[in-house]
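Colleague: Submitted below is the structure of interest, expressed as structure tokens.
Structure below.
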């Protein structure tokens, strides 16, 4: 049985969870994590940096075990 894992999706989900865990330990509010411009909601620059670091970590970690 083959199990297909979307590497980008799993790395994104894990990074998002880890970012919130890390930022909540710093007692940051939602306004420190999100910024909104009209209808677009995105991470603040700081939150995006934390997310990117964890995304790279998880992407590389999961990719090591990728079986071809």
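Residue numbers (our numbering): 7 to 74. The C-beta atom is built at its ideal place from N, Cα and C for all residues, glycine as well. Model, not experiment: these values are computed from the prediction.
(1) Use the C-beta contact count for residue 67: other C-beta atoms within 10 angstroms, 16 or more gives buried, fewer gives exposed.
(2) Taking 8 Å as the threshold, find out whether the stretch 55-64 comes into contact with the stretch 11-25 through three or more Cβ pairs.
(3) Using CA atoms only, rank isn't needed, just tell me which of 31, 35, 34, 40 is closest to residue 54.
(4) Would you give the residue range spanned by the alpha helix (DSSP H) that residue 61 belongs to?
(5) Quick one: what does DSSP say residue 19 is sitting in, helix, strand or coil?
Modeller: Well, looking at it:
(1) exposed
(2) yes
(3) 40
(4) 51-70
(5) helix
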